[in-house]
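Residue numbering for the sequence shown follows the working numbering, starting at 7 and increasing by one per position. Notes for the one structure printed next.
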Amino acid sequence: MIILEFKAKGQESQYSAIDEAIRTVKFIRNSCIRLWLDNKGTGKSDLSRYSKILAKEFPFANELNSTARQAASERAWSSIVRFYDNCQKKVPGKKGFPRFQKLARSVEYKKSGWKLSPDKKSITFTDKKGIGKLKLKGTWDLWRFDKKQINRVRIVKRADGYYVQFCVAVNVKEEVEHTGEMVGLDVGIKEFYTDSNGHSEPNPRFYRKGEKRLKFYQRRVSRKKKGSSNRKKAVNRLSRQHLKISRQRQEHAKRLARCVIRSRSVGFAESNDLVAYVRAACRRQDLRVKNLVKNHCLAKSINDAGWYQFRKWLEHFGTKFDRITVAVNPAYTSQNCSECGEVVKKSLSTRTHVCECGCELDRDHNAAINIRNRAISTTGHVGTWIINPNASGDLASTVLDSGQVQQVESMNEESPRLMTGECQPIS
Numbered sequence: 007m008i009i010l011e012f013k014a015k016g017q018e019s020q021y022s023a024i025d026e027a028i029r030t031v032k033f034i035r036n037s038c039i040r041l042w043l044d045n046k047g048t049g050k051s052d053l054s055r056y057s058k059i060l061a062k063e064f065p066f067a068n069e070l071n072s073t074a075r076q077a078a079s080e081r082a083w084s085s086i087v088r089f090y091d092n093c094q095k096k097v098p099g100k101k102g103f104p105r106f107q108k109l110a111r112s113v114e115y116k117k118s119g120w121k122l123s124p125d126k127k128s129i130t131f132t133d134k135k136g137i138g139k140l141k142l143k144g145t146w147d148l149w150r151f152d153k154k155q156i157n158r159v160r161i162v163k164r165a166d167g168y169y170v171q172f173c174v175a176v177n178v179k180e181e182v183e184h185t186g187e188m189v190g191l192d193v194g195i196k197e198f199y200t201d202s203n204g205h206s207e208p209n210p211r212f213y214r215k216g217e218k219r220l221k222f223y224q225r226r227v228s229r230k231k232k233g234s235s236n237r238k239k240a241v242n243r244l245s246r247q248h249l250k251i252s253r254q255r256q257e258h259a260k261r262l263a264r265c266v267i268r269s270r271s272v273g274f275a276e277s278n279d280l281v282a283y284v285r286a287a288c289r290r291q292d293l294r295v296k297n298l299v300k301n302h303c304l305a306k307s308i309n310d311a312g313w314y315q316f317r318k319w320l321e322h323f324g325t326k327f328d329r330i331t332v333a334v335n336p337a338y339t340s341q342n343c344s345e346c347g348e349v350v351k352k353s354l355s356t357r358t359h360v361c362e363c364g365c366e367l368d369r370d371h372n373a374a375i376n377i378r379n380r381a382i383s384t385t386g387h388v389g390t391w392i393i394n395p396n397a398s399g400d401l402a403s404t405v406l407d408s409g410q411v412q413q414v415e416s417m418n419e420e421s422p423r424l425m426t427g428e429c430q431p432i433s
């Protein structure tokens, strides 16, 4: 499954119709949440039926395509299911209780409500919202895929315009020869990651570099009168700058993840059959990012690193190229010696690991070796793909039906540059 995204070009009246459709989706979703709150035992089918009732009661809801209304009710149910799952798993802290949506950015259609042109360079939305025909601008070759492969179509509103996304059912797996190479990764703030081979990738710090420009646009917003058109323009410029930084961070994580899966380190031609990383450094529920960012000295740098995006792309490319990705327990990976296993206590300010056995390595390099060794003890010999259930590590699932919805929900989208072989999901 892949996501193809195109910039949508149309008239102002069409953009207004898209905004109206998005508001209708928000209304249906929030109404379904209210129904669930007021009626104990409400299920998914009840929410789907309620979307039909809303269409009969409100003319503006009836103007939206029926599949788009169903998708809106499914959004409400997905938030409810996520809350139930977090309660059953006893996730510490807030469980994500479903809330009413204030800002919506997309409307989603299923198999009906839209029609592609024969050359697949434009799309026409056929419901009564009046969106009409939109031109598609992009480099993806949509004509390569049959219309039957397109499961859903989504219109997304961003700071720099409107986009049309196509969810295409296609096999993205590629055959790559196994090499038996294994690598461990230790992510951090000073260096984005350091692998077990000693290679380190610098942290680009996109937010830090763009902070001066962000402050400039933020000052311009604060000087404008609230509710004025000039303030809206200033807010849009600020949003565009934030969007630029977000895209830079996303593309950086994507490029590095592909290079790690396909090569031993950036610049090498060999591929890695096993990639191990610290579970606590890349997984939200293990890392407790909300707790880490309470440290005001490191909060900005932690948020700017983008560890979780990097982990998601590692798992995506691991699935695509049929490679093992393993998240290991982070306990004592920095303290234990990678040579003899002795505990060498050190503070965060100590950047060099020195052991009595004669091992002297960079702190992150030593941790990366320990991460790789733990992954090997978890998965067994890579060549035979043996899983050891008694080992002290967690095998990260890279299967779409594994139940880790949050890990794969946006990882089906790839940059057009990936299709050309360069090292580089729905948001």
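Built from N, CA and C at the ideal position, the CB exists for glycine as well. Nothing here was measured: the structure is a model prediction, and the numbers come from that model.
- Message: Taking its Cβ as the centre, do 16 or more other Cβ atoms sit within 10 Å of His205, making it buried, or is it exposed?
- Response: Looking up residue 205 in the sequence shown gives position 199. His205 is buried by the Cβ-count criterion.
- Does the region 325-334 come close enough to the region 352-369 to have 3 or more Cβ pairs within less than 8 angstroms? Taking 8 angstroms as the limit for Cβ pairs, the verdict is that the region 352-369 does not touch the region 325-334.
- Message: By the three-class DSSP mapping on this structure, what secondary structure does Asp279 have?
- Response: Position 273 of the sequence shown holds residue 279. Asp279: coil per DSSP, three-state reduction.
- Message: At the level of alpha carbons, what is the spacing between Lys32 and Arg40?
- Response: Residue mapping note: residue 32 aligns to position 26 of the sequence shown, counting from 1. Residue mapping note: residue 40 aligns to position 34 of the sequence shown, counting from 1. The straight-line gap separating the alpha-carbon atoms of Lys32 and Arg40 is approximately 12 angstroms.
- Could you give the DSSP three-state label for Leu304: helix, strand or coil? Position 298 of the sequence shown, counted from the first residue, corresponds to residue 304. Three-state DSSP puts Leu304 in coil, outside helix and strand.
- Item | For Glu217, the first and last residue of its enclosing alpha helix (DSSP H) | For the purposes of this step, residue 217 is taken as residue 211 along the sequence shown, with counting starting at 1. First-last of the alpha helix (DSSP H) with Glu217: Phe212 to Arg229.
- Please state if the CB of Ala381 and the CB of Leu320 are separated by a distance shorter than 8 angstroms. Here residue 320 refers to the residue found at position 314 when the sequence shown is read from its first residue. Here residue 381 refers to the residue found at position 375 when the sequence shown is read from its first residue. If you check the CB distance, Leu320 and Ala381 do not come in under 8 angstroms.
- Item | Same chain, Cβ closer than 6 angstroms to Glu69, five either side skipped, listed in chain order | Position 63 of the sequence shown, counted from the first residue, corresponds to residue 69. If we look at Glu69 and ignore the five residues flanking it on each side, its Cβ neighbours are Lys134 and Lys135.
- Query: Where does Ala14 fall in DSSP's three states?
  - Reply: On the sequence shown, residue 14 is found 8 positions in, with the first residue counted as 1. Three-state DSSP puts Ala14 in a strand.
- Message: From the DSSP secondary-structure annotation, give me the bridge partner or partners of Thr200.
- Response: Taking the first residue of the sequence shown as position 1, residue 200 is located at position 194. Its beta-bridge partners are Asp192 and Ser206.
- Query: Should the region 79-92 be regarded as contacting the region 164-181, the criterion being three or more beta carbon pairs within less than 8 angstroms?
  - Reply: Contact between the region 79-92 and the region 164-181 is absent, because fewer than three Cβ pairs lie under 8 angstroms.
- Task: For the region 194-202 and the region 226-233, state whether three or more C-beta atom pairs, one from each stretch, are separated by less than 8 angstroms.
- Result: The region 194-202 vs the region 226-233: no contact.
- Output the residue ranges of the alpha helix (DSSP H) runs that lie fully inside the region 51-107 and measure 4 residues or longer, sorted by chain position. Listed in chain order, the complete alpha helix (DSSP H) runs (minimum 4 residues) inside the region 51-107 are 65-68 and 72-94.
- Which residues bound the beta strand (DSSP E) around Val113? If you number the sequence shown from 1, residue 113 lands on position 107. That run of the beta strand (DSSP E) goes Ser112 to Tyr115.
- Message: Which of the three DSSP states is assigned to Phe323 in this structure?
- Response: As a first step, residue 323 is located in the sequence shown; it is residue number 317 there, counting from the start. Correct three-state label for Phe323: helix.
- Item | Nonlocal neighbours in the same chain, by C-beta distance under 8 angstroms from Thr48, ignoring five residues either side | Within the sequence shown, residue 48 is the residue found at index 42, counting from 1. Excluding residues within five positions, the ones whose Cβ falls inside 8 angstroms are Leu41 and Trp42.
- Query: Are the beta-carbon atoms belonging to Ile377 and Thr339 less than 8 angstroms from one another?
  - Reply: In the sequence shown, the residue the question calls residue 377 occupies position 371. In the sequence shown, the residue the question calls residue 339 occupies position 333. Yes, the Cβ-Cβ distance between Ile377 and Thr339 is below 8 angstroms.
- Message: Suppose you measure from the CA of Gln254 to the CA of Cys365; what does that come to, to the nearest Å?
- Response: Taking the first residue of the sequence shown as position 1, residue 254 is located at position 248. Taking the first residue of the sequence shown as position 1, residue 365 is located at position 359. So the alpha carbons of these two residues sit roughly 38 angstroms apart.
- Item | Contacts around Leu249, its chain only, beta-carbon distance under 8 angstroms, and the 5 residues preceding and following it disregarded | For the purposes of this step, residue 249 is identified with residue 243 of the sequence shown, where counting begins at 1. Hits under 8 angstroms: Arg164, Ala165 and Asp166.
- Query: Contact between the region 139-152 and the region 93-104: three or more CB pairs below 8 angstroms?
  - Reply: No: the two stretches stay apart, fewer than three of their Cβ pairs being nearer than 8 angstroms.
- Message: Using a 10 Å radius around the Cβ and a threshold of 16 neighbouring Cβ atoms, would you call Gln17 buried or exposed?
- Response: Here residue 17 corresponds to residue number 11 of the sequence shown, with the count starting at 1. By the neighbour-count rule (16 or more Cβ atoms within 10 Å), Gln17 is not buried but exposed.
- Query: In this structure, does DSSP put Cys343 in helix, strand or coil?
  - Reply: Sequence index remark: in the sequence shown, residue 343 carries index 337 (1-based). Coil.
- Query: Can you tell me whether Arg150 is buried or exposed, with buried defined as 16 or more other CB within 10 angstroms of its CB?
  - Reply: Numbered from 1 along the sequence shown, position 144 holds the residue referred to as residue 150. Arg150 comes out exposed.
- Message: By the three-class DSSP mapping on this structure, what secondary structure does Thr30 have?
- Response: As a position in the sequence shown, residue 30 is number 24, starting the count at 1. In this structure, DSSP gives Thr30 a helical state, which the three-state scheme calls helix.
- Reduced DSSP secondary structure (H/G/I, E/B, other) of Val162: Against the sequence shown, residue 162 aligns to sequence position 156. Annotated three-state conformation of Val162 is strand, per DSSP.
- Ordered along the chain, which non-local residues of its own chain (more than five positions away) have a Cβ less than 7 angstroms from that of Ala374? Here the question's residue 374 lines up with position 368 in the sequence shown. By the criterion of a C-beta distance shorter than 7 angstroms, Ala374 is surrounded in its chain by Gly190, Leu191, Asp192, Thr200, Asp201 and Ser202, once the five residues flanking it on both sides are discounted.
- Is the CB-CB distance between Ile251 and Arg329 below 8 angstroms? If you number the sequence shown from 1, residue 251 lands on position 245. If you number the sequence shown from 1, residue 329 lands on position 323. In this structure, Ile251 keeps its C-beta atom at 8 angstroms or more from the C-beta atom of Arg329.
- Query: What number of angstroms, rounded off, separates the C-alpha of His258 from the C-alpha of Cys265?
  - Reply: Counting from 1 along the sequence shown, the entry for residue 258 is found at position 252. Counting from 1 along the sequence shown, the entry for residue 265 is found at position 259. One C-alpha to the other measures close to 11 angstroms.
- Message: For His184, count the other beta carbons within 10 Å of its own beta carbon; 16 or more makes it buried, fewer makes it exposed. Which is it?
- Response: In the sequence shown, residue 184 corresponds to position 178, counting from 1. Exposed, because fewer than 16 other Cβ atoms sit within 10 Å of the Cβ of His184.
- Query: Could you give the distance in angstroms between the alpha-carbon of Val97 and the alpha-carbon of Phe103?
  - Reply: Position 91 of the sequence shown, counted from the first residue, corresponds to residue 97. Position 97 of the sequence shown, counted from the first residue, corresponds to residue 103. For the pair Val97 and Phe103, the Cα-to-Cα distance works out to about 12 angstroms.
- Per-residue DSSP class, three states only, for Trp120: What you label residue 120 is simply residue 114 of the sequence shown in a count that begins at 1. Trp120 falls in the strand class under three-state DSSP.
- With 16 other Cβ atoms within 10 Å as the buried cut-off, status of Cys38: Within the sequence shown, the letter at position 32 stands for residue 38. By the 10 Å Cβ count, Cys38 comes out buried.
- Query: Can you name, in chain order, every residue of its own chain whose Cβ lies under 7 angstroms from the Cβ of Arg88, other than the five neighbours on each side?
  - Reply: Within the sequence shown, the letter at position 82 stands for residue 88. Listed in chain order, the non-local C-beta contacts of Arg88 below 7 angstroms within the same chain comprise Gly102, local neighbours out to five positions each way being set aside.
- Message: Here's the rule: buried if 16 or more other CB atoms are within 10 angstroms of the residue's CB, otherwise exposed. What is Ser22?
- Response: As a first step, residue 22 is located in the sequence shown; it is residue number 16 there, counting from the start. By the neighbour-count rule (16 or more Cβ atoms within 10 Å), Ser22 is not buried but exposed.
- Pull up the distance between the alpha-carbon of Ala74 and that of Lys116, whole angstroms please. What you label residue 74 is simply residue 68 of the sequence shown in a count that begins at 1. What you label residue 116 is simply residue 110 of the sequence shown in a count that begins at 1. Rounded to the nearest angstrom, the two C-alpha atoms are 7 angstroms apart.
- Message: What residue range does the alpha helix (DSSP H) around Ala333 cover?
- Response: Numbered from 1 along the sequence shown, position 327 holds the residue referred to as residue 333. Taken as a continuous stretch (DSSP letters only), Ala333 belongs to no alpha helix (DSSP H), being part of the beta strand (DSSP E) at Ile330 to Val334.
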